[in-house]
Amino acid sequence: MTQKNTLLLDLVAFTTVAIWGTTFVWTKLLIINGLSPAQIFTLRFIIAYILLCGFSLTRKKSHRWFSDNWKDELVMILLGVTGGSMYFLTENEALRFTTATNTSLIVCSCPLFTALIVGLCYKAERYHSRQVIGTLMALAGMAIVVLNGHFVLHLSPLGDFLAFSACISWAFYSLLMKRVMGRYSSMMITRKVFFYGILTILPYYLFVPDFPSVEVLTRPSVLANLLFLGSVASMLCFLTWSWCMKGLGAVRCTNYVYFNPITTIVAAWLILNEQITIFFLIGSTLIIGGMVLMNKK
């Protein structure tokens, strides 16, 4: 792969994470309007799946409904669980039992766990000494950004366990992606993730009847936010993420998750008028420096 192509993939990966970082703000606005986290996840994945199916069907020659064999189809199911229903449910449910700070710190450390898990299975993806230093710098910067000068953590075993489960879920999602990336298109993999993500979230509603009201769904602001989350943050970003993982590798691509808190705070500053502090600037500098070390040849 040429340096030009690698730079393009790095830029797309960063842009994808930047968009994902803003979803916390849009989700917060939807929760204020009366939607629950489970409803938001389900609706955004349904929107993404319908749009992706419509686009995929226009390409009849390359459109496929099923994988080559049942083992690959099982991997697709696991992708839908680890990158869809389990990840979003555990992350959102963690917020009910622990603080947003704890959840952010644990979930945003997923690149470290991804590197450990993928490195155990693929020798080519293992960290070298320079990358370890870069990871620790980025991790420290992420912690400074999230803590924002308030170095007090409130331990909550159940909430922290759920947040850690979300972190590990995404790490295994990255590992499973390596099994199918070379043999199936990004579009097919993404479509499968949405389908099985929706399918495996349905049992949740049997235990927690949680259905949105028509009055809430017909509000223009709610519709606009849901369409953005479904079409851009879900459909488009999952497609670009699959493409970047194929070109950059699971570990390097997932390292961009360290930028997530930066884009979240910038979006909150622009939209919710939240303040940017000196801790944000220091943490952001460490994250960027760490990323330069990790990605330097």
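Heads up, our numbering is the position in the sequence shown plus 305, with the first residue counted as 1. From the three backbone atoms N, C-alpha and C, an ideal C-beta is built for every residue, glycine too. Just so it is clear, the structure is predicted and the values come from calculations on it, not from any experiment.
| Item | Value |
| --- | --- |
| Does the separation of the CB atoms of residue 377 and residue 411 fall below 8 Å? | no |
| Kindly confirm or deny that the segment 471-483 and the segment 312-322 touch, where touching means at least three C-beta pairs closer than 8 Å. | no |
| Do residue 506 and residue 347 have their beta-carbon atoms positioned less than 8 Å apart in this structure? | yes |
| Pairing CB atoms from the segment 325-332 with CB atoms from the segment 529-549, are three or more of them under 8 Å? | yes |
| By Cβ distance, which residues of its chain are closer than 7 Å to residue 421, with the 5 residues on each side in sequence left out? | none |
| Rounded to whole angstroms, what is the Cα-Cα separation between residue 490 and residue 497? | 11 Å |
| May I ask which residues mark the beginning and end of the alpha helix (DSSP H) holding residue 534? | No alpha helix (DSSP H) holds residue 534; DSSP gives it neither H nor E. |
| Can you tell me whether residue 413 is buried or exposed, with buried defined as 16 or more other CB within 10 angstroms of its CB? | buried |
| Could you check which residue in 369, 522, 543, 380 has the C-alpha nearest to that of residue 345? | 522 |
| For residue 561, does the three-state DSSP call read helix, strand or coil? | helix |
| Considering only the beta carbon of each residue, do residue 384 and residue 426 sit closer than 8 Å? | no |
| Buried or exposed: residue 337, going by 16 or more other Cβ atoms within 10 Å of its Cβ? | exposed |
| Taking 8 Å as the threshold (C-beta atoms), are residue 554 and residue 389 in contact? | no |
| Let me know if residue 449 comes out buried or exposed under the rule of 16 or more other beta-carbons within 10 Å of its beta-carbon. | buried |
| Return the CA-CA distance between residue 588 and residue 561, expressed in angstroms with no decimal places. | 15 Å |
| Given a cut-off of 8 Å, decide if residue 492 and residue 532 are closer than it, judged by their beta-carbon atoms. | no |
| Compute the distance between the beta-carbons of residue 394 and residue 499, then report whether it is under 8 Å. | no |
| Is residue 402 closer than 8 Å to residue 313 when the C-beta atoms are compared? | no |
| Determine, using beta carbons only, whether residue 509 and residue 343 come nearer to each other than 8 Å. | yes |
| Distance, Cα to Cα, residue 568 vs residue 590? | 13 Å |
| Starting from residue 465, trace the alpha helix (DSSP H) both ways and give me its first and last residue. | 462-485 |
| Look up residue 358 in the DSSP assignment and say whether it is helix, strand or coil. | helix |
| Work out the CA separation of residue 381 and residue 494 for me, nearest whole Å. | 7 Å |
| With a 10 Å radius around its C-beta and 16 neighbouring C-beta atoms as the bar for buried, classify residue 592 as buried or exposed. | buried |
| Which two residues bound the contiguous alpha helix (DSSP H) that contains residue 541? | Per DSSP, residue 541 belongs to no alpha helix (DSSP H) and is neither H nor E. |
| Under three-state DSSP, which class holds residue 514? | coil |
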